[in-house]
Amino acid sequence: MDSSKSSYRSGPYKEYFAQAVRVGNALYLAGQVGVDAHGVVAADLPGQVELAYANIRRVLAKFGATLDNLVDETFFVTDMQELMSQLEAVYARRQQAYGKPPEVAQTVVQVSALLLPELKIEIKCIAHL
Amino acid sequence: MDSSKSSYRSGPYKEYFAQAVRVGNALYLAGQVGVDAHGVVAADLPGQVELAYANIRRVLAKFGATLDNLVDETFFVTDMQELMSQLEAVYARRQQAYGKPPEVAQTVVQVSALLLPELKIEIKCIAHL
Amino acid sequence: MDSSKSSYRSGPYKEYFAQAVRVGNALYLAGQVGVDAHGVVAADLPGQVELAYANIRRVLAKFGATLDNLVDETFFVTDMQELMSQLEAVYARRQQAYGKPPEVAQTVVQVSALLLPELKIEIKCIAHL
Numbered sequence: 001m002d003s004s005k006s007s008y009r010s011g012p013y014k015e016y017f018a019q020a021v022r023v024g025n026a027l028y029l030a031g032q033v034g035v036d037a038h039g040v041v042a043a044d045l046p047g048q049v050e051l052a053y054a055n056i057r058r059v060l061a062k063f064g065a066t067l068d069n070l071v072d073e074t075f076f077v078t079d080m081q082e083l084m085s086q087l088e089a090v091y092a093r094r095q096q097a098y099g100k101p102p103e104v105a106q107t108v109v110q111v112s113a114l115l116l117p118e119l120k121i122e123i124k125c126i127a128h129l
Numbered sequence: 130m131d132s133s134k135s136s137y138r139s140g141p142y143k144e145y146f147a148q149a150v151r152v153g154n155a156l157y158l159a160g161q162v163g164v165d166a167h168g169v170v171a172a173d174l175p176g177q178v179e180l181a182y183a184n185i186r187r188v189l190a191k192f193g194a195t196l197d198n199l200v201d202e203t204f205f206v207t208d209m210q211e212l213m214s215q216l217e218a219v220y221a222r223r224q225q226a227y228g229k230p231p232e233v234a235q236t237v238v239q240v241s242a243l244l245l246p247e248l249k250i251e252i253k254c255i256a257h258l
Numbered sequence: 259m260d261s262s263k264s265s266y267r268s269g270p271y272k273e274y275f276a277q278a279v280r281v282g283n284a285l286y287l288a289g290q291v292g293v294d295a296h297g298v299v300a301a302d303l304p305g306q307v308e309l310a311y312a313n314i315r316r317v318l319a320k321f322g323a324t325l326d327n328l329v330d331e332t333f334f335v336t337d338m339q340e341l342m343s344q345l346e347a348v349y350a351r352r353q354q355a356y357g358k359p360p361e362v363a364q365t366v367v368q369v370s371a372l373l374l375p376e377l378k379i380e381i382k383c384i385a386h387l
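Chains as they are written, first to last, in the numbering used here: chain B, 1 to 129; chain D, 130 to 258; chain R, 259 to 387.
This is the structure we're talking about:
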């Protein structure tokens, strides 16, 4: 296996870390959040989920990959009750992004804060190419 | 390396995500919790740990794997003090599941909530086959 | 790919888990914290970051690896505001450890507690060799 890394940087923290690093067939993505290209955070949780997956897709595309390449997702949410009360809307937006039932493992935990106070979810993914 | 995925689905969220996804030699498991086959959550932390490992073993078995195949564990606990006060009981149950001292990396953090209010721990694992 | 594991154990929890497990080209590290060889926790966040990376480097060295081999980092912090208010100092210490801009993905979340009350950060890493 080729052990040389390739990576993609963008966004306000690009000096600090890459949005994704590929080594061999594995692709590790930085946690993605519901912010659009202008830095605006979506107001509600389903909207943040939709934007986060748009960002995940954009990062994957830099490596010629799609959401089909994801194997593992971790949802870090700031309010589990909010997630549970909007579960169908959240997973509907996610399935719209995937275009079909995702073949991916998932873990969901509630953390006490994310990078910005408005953020309700951060999605950390691993892909294989 | 074969980059096609295989996966195993079960449980109430099987429409949303797989319990594990294999790609190449890597197997990513969804976080497992201390719930039995009837959906009953164990009352105390050591009991939840025992059930979570039973669930991990069940998922691994679908891929012909055992706990020996685990390489990385993350413990998401809801009360670090409770874990510390029951540390020996918790790790005794875990070692019973493994049958020997585990050869696995581990990270332990306290989150503010898991999927169900009664859950005290969720264990996220990566295995290699 | 060789699926046999090799591992490195040290520290107070060495009976419970390895500091790192290698399988094939992948190396999974246990979360590392800002504690020195005498068990003393650094007083402030930049100091804990510096010590945590010293510990990560020490673990990597057991496998003939360096920080250049890291592909993914998760920062579990206990106070996001504290991180944000000391962001430059934290990332300066990190870059000193790396010796150059790191080529690594990163995810940062705030958890509600780590293994010891004094800990402000735990860094979980994956490396490829």
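Just so you know, even glycine gets a beta-carbon here, dropped at the ideal spot from N, CA and C.
- Under the DSSP assignment, Tyr-28 of chain B falls in the beta strand (DSSP E) whose first and last residues are 26–29.
- The DSSP-derived three-state label of Ala-113 of chain B is strand.
- With its beta carbon less than 9 angstroms from one in chain B, Tyr-349 of chain R belongs to the interface.
- For Ile-384 of chain R, the closest Cβ of chain D is nearer than 9 angstroms.
- Secondary structure note for Ser-214 of chain D: its alpha helix (DSSP H) is the uninterrupted segment 209–214.
- Membership of Ala-52 of chain B in any beta strand (DSSP E) is not indicated; the residue belongs instead to the alpha helix (DSSP H) covering 45–61.
- The stretch 94–109 of chain B makes no contact with the stretch 270–281 of chain R; the number of CB pairs closer than 8 angstroms stays below 3.
- Bounds of the beta strand (DSSP E) holding His-386 of chain R are 379–386.
- Contact between Val-279 of chain R and Glu-232 of chain D holds: CB atoms are separated by about 6 angstroms, below the 8 angstroms threshold.
- Along the stretch 87–114 of chain B, going in chain order, the ones with a CB nearer than 9 angstroms to a CB of chain D are Leu-87, Tyr-91, Arg-94, Gln-95, Pro-101, Pro-102, Glu-103, Val-104, Ala-105, Gln-106, Thr-107, Val-108, Val-109, Gln-110, Val-111, Ser-112.
- A direct Cα-Cα distance of roughly 14 angstroms separates Glu-331 of chain R from Thr-203 of chain D.
- With distances taken between CA atoms, Gln-161 of chain D lies nearest to D:Lys-249 out of D:Lys-249, D:Ser-214, D:Ala-172.
- A buried status is given to Ala-155 of chain D, since no fewer than 16 other beta-carbon atoms sit within 10 Å of its beta-carbon.
- Taking CB atoms only, Glu-251 of chain D has a neighbour in chain B less than 9 angstroms away.
- Under the Cβ criterion of 9 angstroms, Val-329 of chain R is counted among the residues facing chain B.
- Within the stretch 268–296 of chain R, the residues whose Cβ lies closer than 9 angstroms to any Cβ of chain B are, in chain order, Gly-282, Asn-283, Ala-284.
- For Ala-20 of chain B, the pairing in a beta bridge is given by DSSP as B:Tyr-8, B:Leu-29.
- At a Cβ-Cβ threshold of 9 angstroms, Pro-304 of chain R and Gln-344 of chain R count as neighbours.
- Contact between the stretch 184–199 of chain D and the stretch 312–324 of chain R is not established, with fewer than three Cβ pairs separated by less than 8 angstroms.
- Straight-line measurement puts the Cα of Leu-373 of chain R at about 9 angstroms from the Cα of Leu-212 of chain D.
- Membership of Thr-203 of chain D in the beta strand (DSSP E) is indicated by the continuous run 199–206.
- Residue burial annotation: Gln-48 of chain B is buried, with at least 16 other C-beta atoms found within 10 angstroms of its C-beta.
- Within chain D, no C-beta atom comes less than 8 angstroms from the C-beta of Phe-321 of chain R; the nearest is roughly 12 angstroms away.
- Chain-ordered, the chain B residues with CB closer than 7 angstroms to the CB of Phe-205 of chain D read Val-109.
- The residues Thr-332, in chain order, have a CB closer than 6 angstroms to that of Thr-365 of chain R in the same chain once the five nearest residues on each side in sequence are set aside.
- Ranked by how close their Cα comes to the Cα of Ala-105 of chain B, the residues D:Ile-255, D:Ser-133, D:Gln-239 have D:Ile-255 in first place.
- Residue pairing from DSSP places Ala-363 of chain R in a beta bridge opposite B:Ala-18, R:Asp-330.
- Looking at the backbone, the Cα of Gln-339 of chain R and that of His-167 of chain D are separated by about 42 angstroms.
- Secondary-structure assignment with DSSP links Val-35 of chain B through a beta bridge to B:Val-41.
- Excluding the 5 residues flanking it on each side, Ala-172 of chain D has no same chain C-beta neighbour closer than 8 angstroms.
- Look at Ser-85 of chain B: its C-beta is not under 9 angstroms from any C-beta on chain R.
- Selection B:Ser-112, B:Leu-29, B:Tyr-53, B:Val-111 evaluated against Val-90 of chain B yields B:Tyr-53 as nearest (Cα-Cα).
- Minimum Cα-Cα distance from Asn-69 of chain B among the listed residues B:Glu-88, B:Leu-29, B:Val-77, B:Gly-34 corresponds to B:Leu-29.
- Under the three-state reduction of DSSP, Ala-89 of chain B is assigned to helix.
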